[in-house]
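Chains as they are written, first to last, in our numbering: chain A, 166 to 319; chain B, 662 to 958.
Heads up: the structure comes next, in structure tokens.
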């Protein structure tokens, strides 16, 4: 397999790397970049634990090849200090005790970041739809929806 | 889990390169657009791809255009793009409605409509709307371009009429010429993301022409032509619905799988046909001037 030179922005920082085509973005972020907030869950796009923002949109990093990130902007919760909305969400999650084991939290927070960026006044039903692809096995979702609802503008 | 399959990756910049490469490699090269199906297959070693041809750098296929009553959806258009399109919402509401039921936001941001019909699973969400809107699929190869009507597209489970040397360029849909109402219904095990246990797309127009497509109830998504023929010109009431259900039962051939049993599918198909027709009828007579978003609650 030929390696490919890629260049992309990761949490605001320019990254240059060489990758094999069969490396997933998730694997590359965790094992090459040391970015551990995207989690390895189902590895088939169902659970949302590996969610990252790619050019501002949530994607399943397990279903994106690292080589496809060339020229893109990738944001994970490690880059939250650069986004006020993400920070606010984290605070509200903390206040509402919206995660227990925390495995799903980075993905949920990024899904909520995308939702509230596009629709700052999202209501409860819209929130539920937006996070329907992020599975949480601890909370029963209510505190998560509460936290996002509290962050949304009235 | 790392991907153990080995393959080359080529992000093509021109159609000439893309088609030459596809022609040379044939079925050993797979087309990568959203990758939400393909990467899963590669990871689980269900694909023998030796090369991936990434279409995301190609010009002219990332947008939705609407000219002279024809909607053109490029091969790189995602389900999120469709949902955000006011044109799709206004003029092709069944497609808009179905797009919202595809997996979840993070998948819809990558998954393309073209990929959905190229994967050609019996439960493909976009298939029903494309069938009732009589879509045509534009295919390119090195020496020719051809159109395949959606009717002839699905040739078996995960099989399509596309040749190994061809690449799907775009999908075209014609705006119905008279006032039309539609409904899309999807049955799944729970709300939120799931594949369809069964799905129905129906449209009706002012002459009581009905178009009915179903998913997950046969080896491919299909139109229920016999049921359509029976209903033509008839009013929807208990009597006609009951008769339509009897005919529908002869047109479907569901299987049992992990999502539901064959018996449950047969039962629910009849319930869903009734609900979908009643919904389309109620949308039709809501007094909306021309069909469109006003008909979706």
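C-beta atoms are modelled at their ideal positions from N, C-alpha and C, and glycine is treated no differently.
Predicted model, so just to flag it, every value in this text is computed and none were measured.
- Note on the segment 172-209 of chain A: whole alpha helix (DSSP H) runs with a minimum of 4 residues are 190-196, in chain order.
- By the neighbour-count definition (other C-beta atoms within 10 Å, threshold 16), residue 290 (chain A) is an exposed residue.
- For residue 696 (chain B), no beta strand (DSSP E) run applies, since DSSP gives it neither H nor E.
- Following the DSSP letters along the chain, one finds residue 823 (chain B) in no alpha helix (DSSP H), marked with neither H nor E.
- Using a CB distance cut-off of 8 Å, residue 770 (chain B) counts as an interface residue toward chain A.
- Inter-residue distance for residue 706 (chain B) and residue 666 (chain B) is about 6 Å (C-alpha atoms, whole angstroms).
- By alpha-carbon distance to residue 239 (chain A), the top candidate from A:230, A:286, A:221, A:188 is A:221.
- In this structure residue 858 (chain B) is buried. Its beta-carbon is surrounded by 16 or more other beta-carbon atoms within 10 angstroms.
- When Cβ pairs closer than 8 Å are counted between the two stretches, the segment 688-707 of chain B is seen to touch the segment 773-786 of chain B, the count reaching three or more.
- Secondary-structure assignment with DSSP links residue 809 (chain B) through a beta bridge to B:798.
- Contact check for residue 714 (chain B) against residue 189 (chain A) fails: the beta carbons are separated by 8 Å or more.
- Cβ neighbours of residue 200 (chain A) within its own chain (closer than 6 Å, five residues either side excluded): 194, 241, 243.
- Taking the Cα positions, residue 808 (chain B) is about 12 Å away from residue 828 (chain B).
- In this structure residue 843 (chain B) is in contact with residue 754 (chain B), their Cβ atoms being roughly 6 Å apart against a cut-off of 8 Å.
- Residue 225 (chain A) carries a strand assignment under DSSP once its states are collapsed to helix, strand and coil.
- Rounded to the nearest whole angstrom, the C-alpha separation of residue 835 (chain B) and residue 801 (chain B) is 20 Å.
- Within the segment 733-773 of chain B, no beta strand (DSSP E) run of at least 3 residues lies entirely inside it.
- Leaving aside the five residues that flank residue 278 (chain A) on each side, the residues in its chain whose CB is nearer than 6 Å to its CB run, in chain order, 250, 251.
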